[in-house]
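Using full-length UniProt numbering, you'd call the opening residue of the sequence shown number 1 and step up by one each time.
We put the CB at the ideal spot given by N, CA and C, even for glycine.
None of these values were measured; they are calculated from a predicted model.
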Amino acid sequence: MNIKDVAVRAGVSVSTAYKVFDTAYTTSTDIREKVLAAARDIGYIHKASYRNGSSGETKLIAHIVTESTASNGFHSFITKELMDELERYGYRLTVLYTNWSQEREKEDFEILADHKIDGIIFTPARFDKNESIERIIQNGMPVLQLFGSAYDHVDTLLFDDELGAYTAVKHLLQCGHTKIMMLSRHTSRTMDSRIKGYERAFAEAGVPLDPEMFCVLGFDESVKNMISGVIRKKEPTAIVSVSEGISLCTLKAVHELKLSIPNDISLIAYDDFPWLAAFDISAVSHPFKSVGTLGAQLIHNRVQEQYTGLTAPPSTLVLDPQLILRDSVKILR
């Protein structure tokens, strides 16, 4: 796709189409909207409009995340590490939120493709491909996807989610627990991988498992009450909570049920946030700093390819989580 294709679709001359993308020129609102709509339709990104001196870079990277960093500690830590590392390359990071909406994700990609942006780092809202996003990627926008592989032929940075769950559940089984509950907010490929890790640990231990011990709680405000309900119903001796929000709600539910950790119920939480150490809670820790270092390097390399003409095959890097043991798991045997 090139500027001529945009001009033909918009029904204007090539020079007019070019002026829409060059801030040195002024065009009518009608012409501008017509040309930008045509560019969106065919997934065209006008690289010449990204000039910043001789390099052609704007030094601006967008980070599209599924939840607000204000309400989600995981995304907050990831964003901070990316921001710090990107600054080493001279980039600034801007953040957009999709709230798990693929339609919002598509709109964000289209807006960013229309504006001066060097690259996009994003966590897929869903794992089925969106044609509009696919076109933008195929047209050459430097893209890095985190924690999911919805799109082919782009750099991808993942956690080994199966290993994380396997390690946590294996430790609980070794401590004598067999009634182990896993709590999550939603279903996803990530959760599917964690369930595989859970199942693998049980299979290796030769212990039968109860499928009702996998609980998907959704985003309802009454999550704490739902956790209290499943604890009363299933009476687990241990819980693995796979997000910060679920971990906090679990602690509140346990407190209201007048249970203690680890005497009455054991807990392993996901992501080693500072408050978990303060409460002496074991955690499945993800290497946030490595995400920042590797993520910044990957997207920077892709941006540079826009100007050097050199292209490397896409990379998929998988980072291993680590189990941090504290005093929240009771030994039953």
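By a C-beta neighbour count over all protein chains shown, 10 Å radius and 16 as the cutoff for buried, is R232 buried or exposed? Exposed, since its Cβ has fewer than 16 Cβ neighbours within 10 Å.
For S132, I'd like the list of residues in its chain whose CB is within less than 6 Å of its CB, leaving aside the five on either flank, ordered along the chain. By the criterion of a C-beta distance shorter than 6 Å, S132 is surrounded in its chain by K106, once the five residues flanking it on both sides are discounted.
In the DSSP assignment, find the unbroken beta strand (DSSP E) run with V12 in it and report its ends. No beta strand (DSSP E) holds V12; DSSP gives it neither H nor E.
Looking at C-alpha atoms only, which residue of S193, K179, S222, V303 is the closest neighbour of E212? With respect to the C-alpha of E212, the residue from S193, K179, S222, V303 having the closest C-alpha is K179.
Which residue's Cα is closest to the Cα of G140: L158, I120, T156? Considering only alpha carbons, the answer is I120.
Would you kindly report the start and end of the unbroken alpha helix (DSSP H) that includes L96? Premise fails: L96 lies in the beta strand (DSSP E), 92 to 97, not in any alpha helix (DSSP H).
Environment of C85 [buried if 16+ CB atoms lie within 10 Å]: Note that residue 85 corresponds to Glu in the displayed sequence, not to Cys. Around the beta carbon of E85, a 10 Å sphere encloses 16 or more other beta carbons of the protein chains shown; the residue is thus reported as buried.
Whole beta strand (DSSP E) runs in the segment 248 to 330 with 3 or more residues, listed along the chain? Taking only runs of at least 3 residues, the beta strand (DSSP E) segments lying wholly in the segment 248 to 330 are 266 to 270, 282 to 285, 316 to 319, 322 to 324.
Inter-residue Cα distance where the pair is S282 and L319: Those two C-alpha atoms are separated by around 20 Å.
How many whole angstroms separate the CB atoms of L60 and T98, which I take to be in contact at a CB cut-off of 8 Å? With 8 Å as the limit, L60 and T98 do not qualify as a contact, their Cβ atoms being about 19 Å apart.
Whole runs of the beta strand (DSSP E) within the segment 113 to 154, excluding any shorter than 3 residues: For the segment 113 to 154, whole beta strand (DSSP E) runs of length 3 or above, ordered along the chain, are 119 to 122, 143 to 146.
Pairwise C-alpha distance: S228 and W100: In a straight line, the C-alpha of W100 is about 26 Å away from that of S228.
Beta carbon of I117, beta carbon of G43: below 7 Å? Contact flag unset, no.
How many whole angstroms separate the CB atoms of D152 and R302, which I take to be in contact at a CB cut-off of 8 Å? The beta-carbon separation of D152 and R302, rounded to 15 Å, does not stay under the 8 Å limit for a contact.
Please list, in chain order, all residues of the same chain as E305 whose beta carbon is under 6 Å from its beta carbon, the five residues on each side excluded. So the qualifying residues of the chain are T311.
What did DSSP end up calling H63 once you bin it into helix, strand or coil? Residue state, collapsed to three classes: strand.
Rounded to whole angstroms, what's the CA-CA distance from I31 to A269? Just pull it up for me. Near 54 Å, if we compare the C-alpha coordinates of A269 and I31.
What does the alpha-carbon distance come out to for the pair A113 and I78? Pairing A113 with I78, the inter-Cα distance amounts to about 23 Å.
What does F214 pair with, by DSSP beta-bridge criteria? Residue pairing by DSSP places F214 opposite M182 in a beta bridge.
Looking at the structure shown, is V230 part of a helix, part of a strand, or coil, going by DSSP? In the structure shown, V230 sits in a helix (DSSP, three-state: H, G or I).
Give the single residue among I111, K4, S260 whose Cα lies nearest to the Cα of I64. Closest by alpha carbon: I111.
Can you give me the Cβ contacts of P236 inside the same chain, cut-off strictly under 6 Å, excluding the 5 residues immediately before and after it? Sequence-distant partners of P236 (beyond 5 residues in either direction) whose C-beta falls short of 6 Å from its own C-beta, in its chain, are K179, M181.
Less than 6 Å between C-beta atoms, sequence neighbours within five positions excluded: which residues of the same chain meet that for V230? Hits under 6 Å: C215.
Residues of its chain near R40, where Cβ-Cβ distance is below 6 Å and the 5 sequence neighbours each way are ignored: In the same chain as R40, and ignoring 5 residues on each side of it, the C-beta atoms closer than 6 Å to its own belong to E110, in chain order.
Could you check how far apart the C-beta atoms of I3 and P142 are, in whole angstroms? I think they sit under 8 Å. Here I3 is actually not in contact with P142; their C-beta atoms are around 20 Å apart, not less than 8 Å.
Counting Cβ pairs closer than 8 Å, one from the segment 198 to 210 and one from the segment 257 to 265, do we hit at least three? With fewer than three CB-CB distances shorter than 8 Å, the segment 198 to 210 does not count as touching the segment 257 to 265.
V35: which of Q145, L325, D5 sits nearest, CA to CA? Considering only alpha carbons, the answer is D5.
Helix, strand or coil for S241 per DSSP? S241 sits in a strand when the DSSP states are folded into three classes.
7 Å Cβ cutoff met for L157 and L146: Yes, the pair counts as a contact, with Cβ atoms nearer than the cut-off.
Measuring CB to CB, does A253 end up less than 7 Å from K224? Cβ atoms of A253 and K224: closer than 7 Å.
C-alpha distance - P321 paired with H286, whole-angstrom precision: Those two C-alpha atoms are separated by around 5 Å.
Assign E271 to one of two classes, buried (16 or more other C-beta atoms within 10 Å of its C-beta) or exposed (fewer than that). Position check: residue 271 holds Asp in this sequence, whereas Glu was assumed. A residue is called buried when at least 16 other Cβ atoms come within 10 angstroms of its Cβ; D271 meets this threshold and is buried.
Counting along the chain, where does the alpha helix (DSSP H) carrying Y166 start and finish? Counted as a single uninterrupted DSSP element, the alpha helix (DSSP H) harbouring Y166 occupies residues 161 to 174.
Exposure of I265, with buried meaning 16 or more beta-carbon neighbours within 10 Å: I265 is buried by the Cβ-count criterion.
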